[in-house]
Amino acid sequence: MLLGDTCTRGCRFCAVKTSNKPPPPDALEPLKTSIAIASWGVDYVVLTSVDRDDIPDGGSGHFAETVRALKELKPTILVECLTSDFRGDLEAVASLANSGLDVYAHNIETVRSMQRIVRDPRAGYDQSLGVLKQAKACKKGMVTKSSIMLGLGETDEEIKQTMADLRAIDVDILTLGQYLQPTERHLRVREYVTPEKFDFWKEYGESLGFVYVASGPLVSITYSWLCF
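Okay, so the sequence shown: first residue is 1 according to the UniProt record's numbering, each after it adds one.
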């Protein structure tokens with residue numbers, strides 16, 4: 001996780017600590033991170049971060065610098081970046097999309113009607129779709145990925161619409177997992193979705209044309225696209 005451990009947003013599903021003024025990013029983090037990852041001997045890595053609304057580009061440049069440094073040290077490694085929405089700044093999205101990464105991931109998190117309940121007010125359904133659409137448009141062959149949490153009170157029809165909206169902008173990979181309440185201060189689980197229902201969503205997503213769908217109670221948002 002890049003850009004520190006303190007987020008500038010307060011989504012009601014997430015237990016990461018928050019502050020309006022987190023510590024400044026470590027300027028050497030891209031280099032130090034790339035050296036560490038290159039030494040691990042892995043073929044695939046997911047880089048993610050907290051939201052950094054206090055930084056002009058939202059941290060996009062920090063991400064891009066890390067990707068470039070890592071690709072220079074290990075050109076064969078596949079890099080996925082799971083990013084914030086950069087406040088809808090499409091230039092920031094483009095800068096990262098053109099940095100050499102292999103998978104651009106950004107999570108829509110939940111259905112349209114639940115956005116204001118689940119996510120920080122600075123996030124939004126259409127803003128997230130815009131990020132994914134821009135990432136796809138910036139680079140030929142770019143793989144895009146998103147994730148939906150289930151069990152927050154959404155309906156089946158809303159899930160279907162969200163999946164359709166993601167496919168309409170050519171998102172390739174979708175993961176669906178069970179929301180779990182991290183602390184008593186966070187949103188309660190409204191439903192524990194059955195494994196059978198998760199199987200249904202996998203099949204439904206595949207019927208829409210997603211290249212790969214990972215769907216299950218324990219599926220992580222960082223589930224690797226190499227699984228297909």
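For every residue, glycine included, the Cβ atom is placed at its ideal position computed from N, Cα and C.
| query | result |
| --- | --- |
| Every unbroken beta strand (DSSP E) inside the region 143-207 [3 residues or more] | 143-150 and 173-178 |
| 7 Å Cβ shell around Ala15 - same chain, five flanking residues per side excluded | Pro182, Thr183 and His186 |
| Minimum C-alpha distance to Gly88 - residue among Pro121, Leu78, Met114 and Ser99 | Pro121 |
| Nearest-angstrom Cβ-Cβ length linking Leu3 and Pro25, presumed shorter than 8 Å | 5 Å |
| Neighbourhood of Thr6 by C-beta distance below 8 Å, restricted to the same chain and skipping five residues each side | Val16, Lys17, Thr18, Ser19, Pro22, Pro23 and Val50 |
| For Leu176 and Asp165, the rounded distance between their alpha carbons | 15 Å |
| Limits of the beta strand (DSSP E) - the one that Ser215 falls within | Tyr212 to Ser215 |
| Residue environment, Trp40, which counts as buried when at least 16 other CB atoms sit within 10 Å | exposed |
| Rounded Cβ spacing between Leu208 and Met163 (contact assumed at less than 8 Å) | 6 Å |
| Spatial distance of Arg190 from Gly141 (CA atoms) | 38 Å |
| Own chain, CB closer than 6 Å to Phe198, minus 5 neighbours either side, in chain order | Ser215 and Gly216 |
| Per DSSP, the bridge partner or partners of Leu78 | Tyr44 |
| Beta-carbon gap between Ala64 and Ser95 smaller than 9 Å | yes |
| Distance between beta carbons of Ala97 and Lys139, contact taken as under 8 Å | 5 Å |
| Neighbour-count burial assignment, Pro195, 16 or more Cβ in a 10 Å radius | exposed |
| Coil, strand or helix - Leu2 by DSSP | strand |
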